[in-house]
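Line by line, the protein sequences give chains A and B.
Heads up: the first sequence at position 479 corresponds to 479 in the working numbering, and the numbers run straight through without jumps.
Count along the second sequence starting at 1, add 1000, and that's the number in the working numbering.
Ideal placement from N, C-alpha and C gives every residue a C-beta, glycine not left out.
Number of protein chains: 2
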Amino acid sequence: MSISIISKDEDYSQWFNELVIKSDLAEHSAVRGCMVIKPYGYSIWEKMQAALDKMFKDTGHSNAYFPLFIPKSFFSKEASHVEGFAKECAVVTHYRLKNDAEGNIVVDEEAKLEEELIVRPTSETIIWNTYRGWIQSYRDLPLLINQWANVVRWEMRTRLFLRTTEFLWQEGHTAHATAEEAIAETEQMLDVYADFAENWLALPVVKGKKTANERFAGALDTYCIEALMQDGKALQAGTSHFLGQNFAKAFDVKFTSKEGKLDYVWATSWGVSTRLMGALIMAHSDDSGLVIPPKLAPVQVVAVPIYKHDEELQNITAFVKGLTKDLRAKNISIKFDDRDTQRPGFKFAEYELKGVPLRVAIGSRDMKNGTVELARRDTKTKETVPQEGLAERIESLLEEIQQNIYQKALKFRDENITPVDTYDEFKRLLDEKPGFLSAHWDGTSETEQRIKEETKATIRCIPLNNPQEEGKCILTGKPSTQRVLFARAY
Amino acid sequence: MSISIISKDEDYSQWFNELVIKSDLAEHSAVRGCMVIKPYGYSIWEKMQAALDKMFKDTGHSNAYFPLFIPKSFFSKEASHVEGFAKECAVVTHYRLKNDAEGNIVVDEEAKLEEELIVRPTSETIIWNTYRGWIQSYRDLPLLINQWANVVRWEMRTRLFLRTTEFLWQEGHTAHATAEEAIAETEQMLDVYADFAENWLALPVVKGKKTANERFAGALDTYCIEALMQDGKALQAGTSHFLGQNFAKAFDVKFTSKEGKLDYVWATSWGVSTRLMGALIMAHSDDSGLVIPPKLAPVQVVAVPIYKHDEELQNITAFVKGLTKDLRAKNISIKFDDRDTQRPGFKFAEYELKGVPLRVAIGSRDMKNGTVELARRDTKTKETVPQEGLAERIESLLEEIQQNIYQKALKFRDENITPVDTYDEFKRLLDEKPGFLSAHWDGTSETEQRIKEETKATIRCIPLNNPQEEGKCILTGKPSTQRVLFARAY
C-alpha cells in the first residue's frame, strides 16, 4: 500500500478519489457505477446508521421492509414522480437464464415478465400502495415508518460515495391526518438530520427549502440541509419532503376523520444516504488522509509501542492492557498495534491516513518517566503527558477534537458565505472564491435556470427563517424580498 | 382486526399464514412472491440481526457491502454455481423508461445493456471477483467478511418468510490459506448458528452435513442446522459451506504462502435469512397466536390496568411507572396499555396473538392487596404475586420462559426422531407420525433421488459425530455404516 496521496490543492477531485481508495473506505466494482464499501468504510456507515436509527426511534418511528421491485404501472401513477425517475432506472424484464445451443448462458426469452419491474430508485409508490391497506381511520394515523435499504438510480456520471448507481440509504415514509401535522413531521426530520450532521459528522449545515426546480419529484415542498466542502462546492446532505396528498391520491389512500369525514391522507418522506460518507471525507480530511470525528471513528485511539528489546515491549504491553481496560469502561475504542513487521513511522502515517483521532506512542523512556506521547490527528500537535489519569485525559481530548473539527468547519463555512449584489461579481466570485453566494433572485424558474446554464451555480436553498430584505435580482433586476444561497454543487 | 385464527391441527399451513398476517408480522406485496415485513415483524428481525452481528464480530468478522448486480459473465464462471441459480434469477436488461407515442411509460429499447445484470441470488461471484484485488499474500489471510443484504431468487411457489422471491439475509464470505483453516471456519460458523438457534430462537437443531444432492451450488461440503416444526416437517435453518478452491479458481484468486509458493485461496460462505422468522413462528406458536422467546420479543412485558374510575387508573399508572423504571434498569421492555377504547379481555387476546411473553394485569383489588396478576404466554398459566420484588420476579420468569420454550421444543423434537429399518415402515411413518426418520442409506444419489420421488422425503443431513452402526439401506438393502436423517421439509 502506498500511503501518499495527491495534495487537495493540486487536484481536489483526484485527492478525494485517492483518499477513499487508499484509506480502504471503498472502491469501484466491476459493475458500472456500483461501489464496494470495504470493511473500514462500512464500519463508519454502521456508526452513522446506529446514531440515526436511535434518533428515528426516539421520535416515534419504526422500521419496516418493502419490496426491492416496483411494478412499472405503480411507478407511473404519480405523474411528476415517474417524470423524475424514469430516465435513470434499472428494469427487470426476465426471470430466468438458460443454456443456448452453443452452451452459452443467455436470457431465456420464454421467461419474460408480463409487466416489467423497476429496481426501486425510492419507494414512495410501492409503500403508498401498501399503506392503502393499513389506513382506514384517523386511529391508524400518524403512521411513522422508516426503511433501511439499497436503491438504484442509473446515473451517467458516478463518483465513489457521492453519486453511485446503487447506494445505501434510509427512507422515512409517514402518513398524517392533516397538512399541518405532515409539515411538522417534515420539519422535525430536517431538524433530526441537522442535529446528526452537526453533532456526529461535525458538519455545519444550512437548513432551507428547495426552489420548485430542485424539488423532489412528487413533493409540494422539499426541505434540505446544505453543507460546504473544502473546495467551496456545496453538498446536499439530506432532504425531507412534504408530499401533500399527491401519493394518497395516486394510490387512493383515504381515511375517516374523527368527525366521520372521508379524506386523502397527507404524506412526508425523508432520506439520507451513503453520500454522507462523501460529505464526511470532503469536509474534514487533509493531505495526510482522513480526519474522522471521534464519534464516528471505527478506532478512536491507536497505541503504538516504540522499543528495541522484547522486555521493553512486555512492559509497554502491560501498560496498554491497563489503559485498554480503562478506556473500554468509558466506551472508548483502542487498538494496540504491536506488529513487528512495520516501523513506528510507517504506522504513524498509516493511522493518519485512516483518520484515527488520537495516537498514543509509548517508548522505553516514557515507561521510565511515567509518560506517553499523545498526537492529535485534527491539529497534528503532539504533547508528552503523564500516564496517570491518561484515560480521563483521552476522554476529554476526544470531546475536544469532536468540537474542534466542527468549529473549524463552521469557521470555514461562515467565511465562505458571501453576499453578492451584482451578476458580474457573482460570476467572478464563483471562480475566485467559491462558496455559498447570498444573492437576491426574482423568484422565477426561468431566472434560476438561466443562471444555472450560464454559471453552473444552482440555488442550494432558501434558508429557513430567512431575514426579509428589499433588493433586486442579480440577473433581471426585478424586485426581491430575500436573499437565497447559490453555489456550484456536488 | 379479527383476532381468531384457524386451529393448527385443522390446517397447519393456513394457520401459519393467518398467524403471520393477523399478528402483523408481514403480508404479501403487490409484487409476485415479495413480502412486506411490517414493523412488528421487522423488530424481531432487528433483534435477530443484532445478536448474530455481535456473534460474527466476536469471532473476528467485519461487515462490508458489495453490489446488488452481478454481470452475467461472472455468474457463469463457476459451472455448478450458474447451474444452480440460472433458472430462478431476475435479469436487468435496460436502464431507462420512456414515453411512447401514446404517452404510455414503456421500456426504452435504446437503453439496452450491453451485458445483462443479474440481481444477486447470492454473492460468491461478485465477491470473489473483488477478493482478487485484495489478496496477494498469506498476510492478507484470513479475510473474514460478512454482508447484510437483500437477495432475489425467482421461486415458483412462495410462502411468507419461508420462501419469498426477495428475502433479507446475511452472507459470510471468507478466504483462507489452507483447506484445514477453511473447514475450521465452516464448522465454527455452523456452531455460531446452532448456538444462536438454541439460545435465542429457543430452537433445538441437529448439526450435520448435506449429501452431494443437496449441497450448495459450488460447494465441496455443505453443513447445515436442521430444525423440526410442529407439523413434523423439517426446516433448514442455516447453512455453512466449504467451497474449496472452486471460486478462487473461477476468479483467479491466488496468494503467496509464507514459503513463497503461489496457490489458490480456500473459501467458505455461510448464511441465514428471514426464513428464521418462519422457523420461529412455526416452532413455538399455538392456536391463540405467536409464542415469542423473551430474548427476541419486541415487547417482553405488557401491563394492563383494570379499573372503573379514573382515580383507580391514576394509582395503577403510578405503580406501573415505578415498575417500568425498575424493568428498564434490568434492560427489560414493558408496554403500558392504558387505551380506554378497548376492554381488558380484548387486550389480553391481542397480546396473546402477538406473543408478548408476560402480561401483568392490575386491578383495584390488587392495588389494595399489594398484588398483581401475572400471566405467562408460553404455559397460559396465571398467578397472583406480590407487588414487592415484582421486577426481580419478572426477570427470573422471563429466563424461565426462554428455557421452557426451548425445553418444550426439544422434547417434541426428540420424541419425533424415529429409527426406522424398513421402507414400508418408513413410508407409513411419514404419513402417520411425521418427523425425522433415522434410517440406513446406501450412500448413492440414485437411492436418495428415488426415495425423494416416491415419498417426498429428503435426507436432511448426515448428523455430525454420527455413531457408526452396521445396517442395510432401507430401499436397496445394500450395506450402510450409519443412519441419516430423512424428513419431508419446508
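DSSP-derived helix/strand/coil call for residue i
| i | result |
| --- | --- |
| Pro961/B | This structure gives no information on residue 961/B, because the portion of chain B shown stretches from 1001 to 1490. |
| Trp270/A | strand |
| Met1/A | Confidence at Met1/A is low in this model, with a pLDDT of 48, below 50, so its placement is unreliable and no value can be given for it. |
| Ile1332/B | coil |
| Leu19/A | helix |
| Tyr95/A | coil |
| Trp169/A | strand |
| Asp140/A | helix |
| Arg1376/B | strand |
| Leu1290/B | coil |
| Glu115/A | strand |
| Asn997/B | Nothing about residue 997/B can be reported from this structure: the residues present for chain B run from 1001 to 1490 only. |
| Leu1323/B | helix |
| Lys8/A | coil |
| Thr125/A | helix |
| Pro479/A | strand |
| Glu27/A | strand |
| Gly1363/B | strand |
Extent of the continuous beta strand (DSSP E) to which residue i belongs
| i | result |
| --- | --- |
| Asn466/A | Asn466/A -> no beta strand (DSSP E), and no H or E assigned at all. |
| Val302/A | 301-306 |
| Leu1228/B | 1221-1228 |
| Asp1263/B | 1262-1264 |
| Phe1255/B | 1254-1256 |
Partners in chain B for residue i, counting only beta-carbon separations shorter than 9 Å
| i | result |
| --- | --- |
| Asn246/A | Under the 9 Å cutoff, chain B gives no residues; its nearest Cβ is about 17 Å from Asn246/A. |
| Lys72/A | Leu1097, Ile1105, Val1106, Val1107 |
| Leu168/A | Tyr1065 |
is_contact[residue i, chain A] using C-beta, thresh 8 Å
| i | result |
| --- | --- |
| Val1020/B | no |
| Ala1457/B | no |
| Thr1130/B | yes |
| Asn1150/B | yes |
Contact set between residue i and chain A, taken where Cβ atoms lie within less than 8 Å
| i | result |
| --- | --- |
| Cys1034/B | Pro67, Leu68, Phe69 |
| Ser1043/B | Ser62, Asn63 |
Residue range of the alpha helix (DSSP H) that includes residue i
| i | result |
| --- | --- |
| Gly244/A | No alpha helix (DSSP H) holds Gly244/A; the beta strand (DSSP E) holding it covers 234-244. |
| Pro419/A | Counting along the chain, Pro419/A falls outside any alpha helix (DSSP H), though it belongs to the beta strand (DSSP E) covering 417-419. |
| Ala182/A | 179-199 |
| Arg1483/B | Counting along the chain, Arg1483/B falls outside any alpha helix (DSSP H), though it belongs to the beta strand (DSSP E) covering 1483-1487. |
| Lys1347/B | 1344-1354 |
| Phe1085/B | 1079-1085 |
| Ala279/A | 275-284 |
| Arg153/A | Per DSSP, Arg153/A belongs to no alpha helix (DSSP H) and is neither H nor E. |
Where residue i meets chain B, residues with beta-carbon distance less than 8 Å
| i | result |
| --- | --- |
| Arg96/A | Ala1086, Lys1087, Glu1088, Cys1089, Val1091, Trp1154 |
| Ile145/A | Pro1039 |
| Leu220/A | Here the premise fails: no neighbours, minimum Cβ distance about 23 Å. |
| Leu117/A | Val1031, Ala1090 |
Chain B within 8 Å of residue i, Cβ atoms only
| i | result |
| --- | --- |
| Ser76/A | yes |
| Ala30/A | yes |
| Leu563/A | The first residue shown for chain A is 1 and the last is 490, placing residue 563/A beyond what the model contains. |
| Val82/A | yes |
| Glu171/A | no |
Whole-angstrom C-beta distance between residue j and residue i, which should lie under 8 Å
| i | j | result |
| --- | --- | --- |
| Thr1232/B | His1081/B | Checking the sequence shown, residue 1232/B turns out to be Gly, not Thr. Between His1081/B and Gly1232/B the Cβ distance is about 33 Å, and since that is not below 8 Å, they are no contact. |
| Glu1373/B | Lys1382/B | 6 Å |
| Thr165/A | Thr1093/B | Not a contact, Cβ separation roughly 15 Å. |
| Thr274/A | Leu168/A | 5 Å |
| Ile1394/B | Val1301/B | 6 Å |
| Gly1172/B | Ile1145/B | 7 Å |
7 Å Cβ cut-off: residues of chain A touching residue i
| i | result |
| --- | --- |
| Asn1199/B | Going along chain A, no residue has its Cβ under 7 Å from Asn1199/B, so there is no contact; the nearest lies around 24 Å. |
Residues that residue i contacts on chain B, provided the C-beta gap is smaller than 7 Å
| i | result |
| --- | --- |
| Glu46/A | Asn1063 |
CB contact check: residue i to chain C, cutoff 8 Å
| i | result |
| --- | --- |
| His81/A | Given the protein chain composition of this structure (A and B), no chain C is represented. |
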